[in-house]
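Take a look at the structure set out below.
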Amino acid sequence: MADIHIEEFYKDAAIALVQLYNAFPRRVNLFVEDIAGPDEPDEFGLHSKRHMACFGTLLWLAEEGLLRYVDTIRQEALDQAVLTQQAFVRLSSPANPDLHEEDNSDSSQDLPPAVREDFSTHIHTLRNALRSGSSAKISRVMQATFFRDRFDH
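The numbering used here numbers the first residue of the sequence shown as 4 and each following residue consecutively.
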């Protein structure tokens with residue numbers, strides 16, 4: 004993918020959603036620096052474009068109904084953020100086997116059915132994509148998890 008800002012969007016969104024899933028159903032503060040890395044505002048107090056892009060990603064996720072929050076903490080964080088029912092159900096649901104095919108090994112067949120079922124979810128494929136560090140894989144998993152099916156009708 005040639006557009007680095009889109010790759011960063013997918014990565015920021017993935018990290019935020021995994022953080023919220025890991026805390027679900029508790030409300031947590033979602034800090035931009037925990038997602039995009041440290042940022043030093045300039046002499047005028049303005050954040051970098053990278054920081055603001057990540058903050059924009061968090062606001063966009065809320066506008067699209069994937070998370071809720073009580074307020075913003077300046078441009079630093081979302082206060083008391085939580086996944087929406089739509090996002091929680093989607094992340095907990097089984098993913099297309101093509102998404103986790105490369106993560107599966109022959110030894111996965113030896114696992115108990117409940118564990119195999121957990122490994123087949125969207126959240127599991129998202130965590131694996133983030134662990135891989137591959138922008139292409141993160142983008143592919145995010146598209147399949149949240150966006151592709153909206154247009155496949």
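Idealized CB from N, CA, C, for every residue including glycine.
As the structure is a computational prediction, the values presented were derived from the model and not from experiment.
With fewer than three CB-CB distances shorter than 8 Å, the segment 64–71 does not count as touching the segment 36–54.
Within its own chain, the residues whose Cβ lies closer than 6 Å to the Cβ of Leu94, once the five positions on either side in sequence are excluded, are Tyr24, His125, Ile126, listed in chain order. With respect to Ala19, Ala98 sits apart: the two C-beta atoms are not nearer than 9 Å. Counting only runs that start and end inside the segment 10–60, the beta strand (DSSP E) elements of at least 3 residues fall at 31–34. In this model, Glu36 and Glu79 are separated by some 7 Å (Cα to Cα). For Val85, the secondary structure class from DSSP, reduced to helix, strand or coil, is strand.
Residue state for Ala139 is assigned as helix, using DSSP reduced to three classes.
Assigned with DSSP and collapsed to three states, Ala80 falls in strand.
Assigned with DSSP and collapsed to three states, Asp6 falls in coil, not helix or strand. The Cβ atoms of Glu46 and Ile141 do not sit closer than 9 Å to each other.
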